[in-house]
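Before any comments, here is the structure.
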Amino acid sequence: MKTPSLRSKLKPHLWFQAYWVIYLIWFFWLDLTIKNPKYIIHSPIDDLIPFNEWFIFPYCSWFVLLAAVTAMLWWYDTESYDKLCLMMFSGMTLCLMIYMILPNGLDIRPTAEAIGRDNLAMRIMQLIWKADASVNVCPSIHCQSSGCMALAFSQSKLAKHRPALKAVAWVWAGLICLSTVFTKQHSIIDVVCGLVLVAVWVPFLYGKKTKIAD
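Residues in the sequence shown are numbered consecutively from 0, following numbering that gives the first Met the number 0.
Shown next as structure tokens:
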């Protein structure tokens, strides 16, 4: 069996990551321009979820999960990598379009003074709050992309006959989703809407054998 060369691995699949340039410009433009969202997202369930600053660590672990899953699928399972890119990038684009059409935000973040604690997690939490305004929240891109990564990885060759790896992927993604509500970065409504964007792809990509052409 001929081993794929580095060139064949790089072309064309790695270039899908160029989408991040478009996404980041679009996301931060919306973050800077939408200051007074028209729709405030809130559920009574949000009021029952206590703030816990220590969830900022699973929240930030999203970056590690993103890099790890994307890199491993790109290198070892191109078909699963393609499916991940299709699911994740289309969902993120839809989220950004929703933010433009239905500008939304949150009003559930506590203040550091109200929390009354000073620790490493709270300091990181305050940095996140300063950098990330309570706007453009529904659907949650954090949850949508985490769900896509868990789904793509658990259905990949890397996790085949390895239930422990599948469990790790889903538990990690689940912790990230939980972290968004415990840090008051998102409403439970944002989480549900983000995961719905993942679920709609299941019958199309994993309901039967599907291969995306190069």
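Think of the CB as a built atom: it goes at the ideal place given N, C-alpha and C, for glycine as much as any other residue.
Keep in mind the model is a prediction, meaning the values are calculated, not measured.
Query, Result
"Buried/exposed call for residue 175, threshold 16 Cβ in 10 Å", "buried"
"Cα-Cα separation between residue 87 and residue 147, rounded to whole angstroms", "6 Å"
"Nearest-angstrom Cα separation, counted from residue 189 out to residue 140", "9 Å"
"Neighbourhood of residue 205 by C-beta distance below 7 Å, restricted to the same chain and skipping five residues each side", "154"
"For residue 205, three-class secondary structure by DSSP", "coil"
"Residue nearest to residue 130 in terms of C-alpha spacing, selected from 51, 16, 142, 27", "27"
"Helix, strand or coil at residue 17 according to DSSP, with G and I counted as helix", "helix"
"Identified DSSP bridge partners for residue 104", "39, 134"
"Assigned secondary structure, residue 49 (DSSP; H/G/I helix, E/B strand, else coil)", "coil"
"Close Cβ partners of residue 158 (< 8 Å) along its chain, the five nearest in sequence each way excluded", "152, 164, 165, 168"
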